[in-house]
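Q: For the sequence shown, the residue numbers in mature numbering (1 follows the signal peptide of the UniProt record, and there is no 0) are -21 to -1, 1 to 382. Even glycine gets a Cβ: it sits at the ideal position worked out from N, Cα and C.
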Amino acid sequence: MKWQTNILILCIALLSSNLVAQEQKLYIDGRVELMPQVWLNGDKAQEKVGMEPKAYALYQFNNRLNLEYRPNDWLQLNAGLRTIASYGQQNSAINDILNEQGYRSNNFSIQDQGYLPLTMVWHSGKSGYFLSTFDRMNVKMTFGKFETTIGRQRINWGINGIWEPNDIFNTFSYLDFNYPERPGADAVHGQYYFNSTSSVELAFKMDYDRRYTLGGLYRTVIGTYDAQVMMGILNEEYFTVGGGWSGNIEGAGFNGEFTYYEPMSDNEELKQALVASLLANYNFNNGIFAQAGVLYNSLGSTNRQGENISMIPNGSMMTAMDYTKSKMQMFISASYPINPLLSADVSTLLNPFDGSFYLAPSVNYSVAENWDLFFIAQTYWGRQDTEFGDMGLQLFVRLQYSF
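(1) One question on the structure: do residue 58 and residue 113 come within less than 8 Å of each other, judged by their Cβ atoms?
(2) How about the region 101 to 112 and the region 170 to 185: do they share at least three Cβ pairs that are nearer than 8 Å?
(3) Relative to the C-alpha of residue 317, which residue among 344, 307 and 95 is closest?
(4) Relative to the C-alpha of residue 20, which residue among 379, 61, 28 and 373 is closest?
(5) How would you call residue 283, buried or exposed, if buried means at least 16 neighbouring beta carbons within 10 angstroms?
(6) For residue 339 versus residue 326, is the C-beta distance shorter than 8 Å?
(7) Spatial neighbours of residue 370 within its chain, please: CB distance less than 6 Å, with the 5 preceding and 5 following residues excluded, ordered by chain position.
(8) So, is residue 234 buried or exposed, given that buried needs 16 or more other C-beta atoms within 10 angstroms?
(9) Quick check on this structure: which residue in 342, 378, 361 and 337 has the alpha carbon closest to the alpha carbon of residue 351?
(10) When burial is assigned at 16 or more other CB atoms within 10 Å of the CB, is residue 83 buried or exposed?
(11) Would you tell me roughly how many angstroms separate the C-alpha atoms of residue 254 and residue 275, rounded to the nearest one?
(12) Taking the alpha carbon of residue 45 as the reference point, which residue from 9, 30 and 270 has its own alpha carbon closest?
(13) By how many angstroms is the C-alpha of residue 161 removed from the C-alpha of residue 223?
(14) Along the chain, which unbroken stretches of the alpha helix (DSSP H) at least 4 residues long are found entirely within the region 14 to 39?
(15) DSSP three-state call for residue 300: helix, strand or coil?
(16) Roughly how many whole angstroms lie between the Cα atoms of residue 166 and residue 32?
(17) Which residues bound the alpha helix (DSSP H) around residue 78?
(18) Tell me whether residue 113 sits in a helix, a strand or coil according to DSSP, three-state version.
(19) Going by the DSSP bridge assignment, what does residue 359 pair with across the sheet?
(20) Using DSSP with H/G/I as helix, E/B as strand and the rest coil, what is residue 314?
(21) Given residue 50, which residues of its chain have a CB within under 7 Å of its CB, disregarding the five upstream and five downstream residues?
(22) So which of 242, 123, 94 and 214 has the shortest CA-CA distance to residue 172?
(23) Determine the burial state of residue 101: buried for a count of at least 16 other Cβ atoms within 10 Å of its Cβ, exposed for fewer.
(24) In angstroms with no decimal places, state the Cα-to-Cα distance between residue 366 and residue 75.
(25) To the nearest angstrom, report how far apart residue 391 and residue 189 are at their CA atoms.
(26) Report buried or exposed for residue 89, applying the criterion of at least 16 other Cβ atoms within 10 angstroms of its Cβ.
(27) Would you call residue 362 buried or exposed, if buried means 16 or more other Cβ atoms sit within 10 Å of its Cβ?
(28) Is DSSP giving residue 173 helix, strand or coil here?
(29) How would you write the range of the beta strand (DSSP E) that residue 322 sits in, first residue to last?
(30) Since residue 228 is in the beta strand (DSSP E), which residue starts that stretch and which ends it?
(31) Look at the alpha carbon of residue 91 and the alpha carbon of residue 121, and state the distance between them as a whole number of angstroms.
(32) In the DSSP assignment, find the alpha helix (DSSP H) that holds residue 152 and state where it starts and stops.
(33) Give the straight-line distance between the Cα atoms of residue 252 and residue 306, rounded to the nearest whole angstrom.
(34) Under 8 Å, do residue 237 and residue 144 count as touching if we go by C-beta distance?
Shown next, in the form of structure tokens:
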């Protein structure tokens, strides 16, 4: 871990030495968060994995630091450092299970999912962990109409914002509300702009298992709609082809995307799949912003299938085929600015076949300049062994300072 530590020290040194002398070239922002949480009424899910059924508390301290350095017009250096300290009963219970199964404590939380080992684990024990990870570290170069980025980055091929089948490089979980930057990928990405409305992109990624993902994307404008088509190879396992669009109908935003997956081998565990999503949104005159969408997964079932991998807040472990185990999932949300300091939001995910659903009301209050207090209740409802029926209730309170 020595070389990762040296990188961290170098970033801090560059930050302190350039902040005043080259303020116009160095851009810095970030946040600091304290977020206690508690898991209640999750007896069914806890018993399934071998945990004692009871309430579990967890405490997290998070720090985000974004650095962008532009020494000239064609070169840009980017770094994003995410530091997490997590401690509590929930960690202890999960680590007991991991140890029994032969895994190290905090195995999935401290594992860097990228090709480059850019995670520094300062401490890992039964009750929790303390780590720093660079989820962004790249060099971006622009030469006329051509732009290339090399290193850990986010490749934004998705459109939908809730479920993104076109995102074959860095899939994320909608339920992971406390990670707005979304996961990155160790990749080489190039983009050429034909004009202001059309471009072509190529990208190549390697993950921690030394599996590659590559693809090409073409963007253009058709009428009043932004449109794209893509094709590629996912994790050396699937050939993919898809597309998407974004526009509006009578003042309402309307977008969609789809991807077809064709196995590249005779492995019987790999199946053909079609994943598609639609999303509409509308701003009402009274300030309410509403969204509604639907997801289709040809691999899904119309029967009870239990929890899915999208419950796990680690997007790098999933693909778009893991968004749901159901043939269909529906989404509805509404947000409202009550006053300049207070806003409220409610969102839901529904499995129409087993009747289970996720419901998450939240409130954000601006305590002072750059200080925010946020509360969210992630509640899961349904019968046993349904998609959302066994998870119970998770309550989060987050105090955040942004700079």
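A: Looking at the coordinates:
(1) Translated into the one-based positions of the sequence shown, residue 58 becomes position 79. Translated into the one-based positions of the sequence shown, residue 113 becomes position 134. Closer than 8 Å, so yes.
(2) no
(3) The sequence position of residue 317 within the sequence shown is 338, counting from 1. Selected option, being the one with the closest Cα: 344.
(4) Indexing the sequence shown from 1 puts residue 20 at position 41. Per the Cα distances, 373.
(5) Position 304 of the sequence shown, counted from the first residue, corresponds to residue 283. Buried is the call here.
(6) Within the sequence shown, numbered from 1, the residue matching residue 339 stands at position 360. Within the sequence shown, numbered from 1, the residue matching residue 326 stands at position 347. Against a cut-off of 8 Å, the Cβ pair of residue 326 and residue 339 comes out as a contact.
(7) Counting from 1 along the sequence shown, the entry for residue 370 is found at position 391. Cβ within range, chain order: 21, 24 and 359.
(8) By one-based count along the sequence shown, residue 234 stands at place 255. Buried, by the Cβ-count rule.
(9) Here residue 351 is taken as the residue at index 372 of the sequence shown, counted from 1. Among 342, 378, 361 and 337, the Cα nearest to that of residue 351 belongs to 378.
(10) Taking the first residue of the sequence shown as 1, we reach residue 83 at position 104. The residue in question, residue 83, is exposed, as its Cβ has fewer than 16 Cβ neighbours within 10 Å.
(11) The residue given as residue 254 occupies position 275 in the sequence shown. The residue given as residue 275 occupies position 296 in the sequence shown. Between residue 254 and residue 275, the C-alpha separation is close to 6 Å.
(12) Translated into positions along the sequence shown, residue 45 becomes position 66. Among 9, 30 and 270, the Cα nearest to that of residue 45 belongs to 9.
(13) As a first step, residue 223 is located in the sequence shown; it is residue number 244 there, counting from the start. As a first step, residue 161 is located in the sequence shown; it is residue number 182 there, counting from the start. Each residue's Cα considered, the two are about 20 Å apart.
(14) 22 to 28
(15) Within the sequence shown, residue 300 is the residue found at index 321, counting from 1. Residue state, collapsed to three classes: helix.
(16) The count along the sequence shown starts at 1 and reaches residue 166 at position 187. The count along the sequence shown starts at 1 and reaches residue 32 at position 53. In a straight line, the C-alpha of residue 166 is about 42 Å away from that of residue 32.
(17) On the sequence shown, position 99 is the one that residue 78 refers to. That run of the alpha helix (DSSP H) goes 68 to 79.
(18) Locating residue 113 in the sequence shown gives position 134, counting from the first residue. In this structure, residue 113 counts as strand in the three-state DSSP scheme.
(19) If you number the sequence shown from 1, residue 359 lands on position 380. BP columns for residue 359 point to 337.
(20) Taking the sequence shown and counting its residues from 1, the one referred to as residue 314 is at position 335. Reduced to three states, the DSSP call for residue 314 is strand.
(21) Looking up residue 50 in the sequence shown gives position 71. Cβ neighbours of residue 50 beyond the five flanking positions: 4.
(22) On the sequence shown, position 193 is the one that residue 172 refers to. Taking only the C-alpha atoms, the option nearest residue 172 is 123.
(23) Within the sequence shown, numbered from 1, the residue matching residue 101 stands at position 122. Exposed is the call here.
(24) The residue you call residue 366 lines up with position 387 of the sequence shown. The residue you call residue 75 lines up with position 96 of the sequence shown. Cα to Cα, residue 366 sits roughly 25 Å from residue 75.
(25) Because the chain is modelled from -21 through 382, residue 391 falls outside the range shown and cannot be assessed.
(26) Taking the sequence shown and counting its residues from 1, the one referred to as residue 89 is at position 110. Buried, since its Cβ has 16 or more Cβ neighbours within 10 Å.
(27) In the sequence shown, counting from the first residue as 1, residue 362 sits at position 383. Flag for residue 362 reads exposed.
(28) Within the sequence shown, the letter at position 194 stands for residue 173. In this structure, residue 173 counts as coil in the three-state DSSP scheme.
(29) Here residue 322 corresponds to residue number 343 of the sequence shown, with the count starting at 1. Where residue 322 is concerned, the enclosing beta strand (DSSP E) stretches over 321 to 329.
(30) Stepping through the sequence shown from its first residue, residue 228 is reached at position 249. Unbroken beta strand (DSSP E) run through residue 228: 217 to 228.
(31) Start at 1 with the first residue of the sequence shown, and residue 91 comes out as number 112. Start at 1 with the first residue of the sequence shown, and residue 121 comes out as number 142. Answer to the nearest angstrom: the Cα atoms are 29 Å apart.
(32) Against the sequence shown, residue 152 aligns to sequence position 173. That residue, residue 152, is in no alpha helix (DSSP H); it is neither H nor E in DSSP.
(33) On the sequence shown, position 273 is the one that residue 252 refers to. On the sequence shown, position 327 is the one that residue 306 refers to. Rounded to whole angstroms, residue 252 to residue 306 spans 11 Å at the Cα level.
(34) Taking the sequence shown and counting its residues from 1, one reaches residue 237 at position 258. Taking the sequence shown and counting its residues from 1, one reaches residue 144 at position 165. Contact: yes.
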